[in-house]
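The sequence shown lines up with residues 3 to 313 when you count with UniProt numbering.
The structure appears below as structure tokens.
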Amino acid sequence: GTDEQEAAFYAIVDSDGRIEPRDAMPEAYRKTLIRQMAQHAHSEIIGMQPEGNWISRAPSLRRKAILLAKVQDEAGHGLYLYAAAETLGVSRDHLLELLHTHQQKYSSIFNYPTLTWADVGAIGWLVDGAAITNQVPLTRCSYGPYARAMVRICKEESFHQRQGFEALLTLTRGSARQKAMAQDALDRWWYPSLAMFGPPDRESTHSDQSMRWGIKRFGNDELRQRFVDMTAPQADVLGLTIPDPDLRWNDERGHYDFTQPDFDELFRVISGDGPCNRQRMEHRVAAHTEGAWVREAAAAYAAKRAKRAEA
Ligand code: 3HC
């Protein structure tokens, strides 16, 4: 009966075990995982656009090759996450339909434009840095397929973060104009990166339940603080100034004091009113439509192979 099933579910979660696809699970647990995993996958796929914008304009072949590898990694992360979400009984096509019809979200951060080459470095350093801070705890998520997908993704994100930091280091050691370009990118990407971690805990819809279920290991505010503590010293190494006059180390707290991002802006961007929301979705839907023939060809080929295998 369901009482035993629920008891078995909580026995696994409370002993830090893993829930696998065939295990009994509360319907609400399944639903919130589909929501989060799908939106995580959507973020990876949409996240290809801001950086993809610079592949044809990278300043050297080396930078172009690195950026190409990173954008391809993001596509792969999306596929791992859609595949992990499919273990919960949804299809990738259905999840994409929900994205295209604004019934599911993607990360706010990708609604900002990449105006200069330095933005590619800032995205690697800050956005992938924030993603790592958020994703490392997810490698211990109670849902097995999600946790395992995160292990591989976190390894690749580390490369993303390092290459972004290194690209900015090159600029800050270059001409005054190059250093100014890096500072301008930091000025524009700092607060949207802090906002990536979500609303403050007191305004978070899902945090309590997600933490009870071992999906979210740390609250939004704690991960945001962890990101600031990690990143502030890195800005010093770059010789760049974080655009927050109140940022300073607080010895009593053992953390940096800092100014929170504008959460009204976050909610505006989430609800579709960011600088690039419309163009991101138009590009996504166009890519899906133009790519239909690839999906059909792959399906036809798979059907033919399956038929031959039966023969
Ligand atoms: N952008 C868009 N929506 C956001 C958001 C953001 N930055 N932060 C919160 N939200 C949404 C939530 O999805 C939720 O809406 P929903 O009910 O329709 O899903 C609502 O705002 C309330 O927020 P909560 O804090 O209650 O929601 P969560 O408990 O889900 O916490 C989260 C939000 C921390 C983003 C969590 O969903 C999470 O950890 N997701 C997995 C990580 C992820 O999606 N990262 C995307 C980063 S980009 C990336 O990884 C690509 C990298 O390679 C660069």
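No residue lacks a Cβ here, since even glycine has one placed at the ideal position from N, Cα and C.
The structure presented is a predicted model; accordingly, all values stated were derived computationally and were not measured.
Counting every other CB atom within 10 Å of its CB across the protein chains shown gives His-104 a total below 16, marking it as exposed.
For the pair of segments examined, the segment 245–258 was found not to touch the segment 172–179: the number of CB pairs separated by less than 8 Å stays below three. The beta carbon of Trp-192 lies closer than 8 Å to those of Leu-128, Ile-244, Pro-245 and Asp-246 in the same chain, with the five residues before and after it left out. By a beta-carbon distance limit of 8 Å, Ile-111 contacts Pro-194. Their separation comes to about 5 Å.
When distances are taken from the beta-carbon of Gln-41 to the heavy atoms of the ligand 3HC, the shortest one is below 7 Å.
Comparing alpha carbon positions, the residue from Met-232, Arg-270, Phe-265 and Gln-262 closest to Gly-256 is Met-232. Around Gln-163, the same chain offers Gly-126, Trp-127, Asp-130, Gly-131 and Ile-134 as residues with beta carbons nearer than 7 Å, after the five sequence neighbours per side are excluded.
Glu-6 and Ala-13 have their alpha carbons spaced roughly 10 Å apart.
Under DSSP, the beta-bridge partners assigned to Trp-251 are Tyr-258.
The DSSP-derived three-state label of Tyr-108 is coil.
Cα atoms of Asp-264 and Arg-270: separation of roughly 10 Å, rounded to the nearest angstrom. Between the segment 152–159 and the segment 194–211 there are fewer than three C-beta pairs closer than 8 Å, too few to call the two in contact.
Relative to the ligand 3HC, Asn-136 has its C-beta within less than 7 Å of a heavy atom. The DSSP-derived three-state label of Tyr-145 is strand.
Under the three-state reduction of DSSP output, Ile-155 falls in the helix class. Contact annotation: Pro-23 and Thr-89 have beta-carbon atoms nearer than 8 Å.
When distances are taken from the beta-carbon of Gln-51 to the heavy atoms of the ligand 3HC, even the shortest one reaches 7 Å or more. Taken in chain order, the complete alpha helix (DSSP H) segments of 4 or more residues contained in the segment 171–257 are 178–197, 209–214 and 222–240. Taking a 10 Å sphere around the C-beta of Tyr-108, we find 16 or more other C-beta atoms and assign the residue as buried. In terms of CA proximity to Arg-219, Gln-137 leads the group Gln-137, Ala-182 and Ala-302. Three or more Cβ pairs closer than 8 Å define a contact, and the segment 38–48 meets that threshold against the segment 91–101. At least one heavy atom of the ligand 3HC sits closer than 7 Å to the Cβ of Arg-37.
For Met-27, no alpha helix (DSSP H) encloses it, and the DSSP letter there is neither H nor E. Taking 7 Å as the cut-off, the C-beta of Ser-109 counts as close to a heavy atom of the ligand 3HC. With respect to the C-alpha of Arg-228, the residue from Ile-21, Tyr-258, Glu-254 and Val-239 having the closest C-alpha is Tyr-258. Of all alpha-carbon atoms in Ala-234, Asp-223, Leu-97 and Gly-3, the one lying nearest the alpha-carbon of Leu-83 is that of Leu-97. The beta carbon of Ala-86 sits closer than 7 Å to the beta carbons of Met-39, Pro-147, Tyr-148 and Ala-151 from its chain, once the five residues preceding and following it are set aside; these are given in chain order. For Gly-78, the enclosing alpha helix (DSSP H) stretches over residues 63–88. Here Val-92 has Ile-36 and Ala-40 as same chain residues with Cβ atoms under 8 Å from its own Cβ, once five neighbours each way along the sequence are excluded. Placement of the Cβ of Thr-207 at a distance of less than 7 Å from at least one heavy atom of the ligand 3HC is found.
By DSSP's assignment, Ile-21 forms a beta bridge with Tyr-145.
Judged by DSSP in its simplified three-state form, Gly-126 adopts helix. Contact check for Met-50 against Ala-26 fails: the beta carbons are separated by 8 Å or more.
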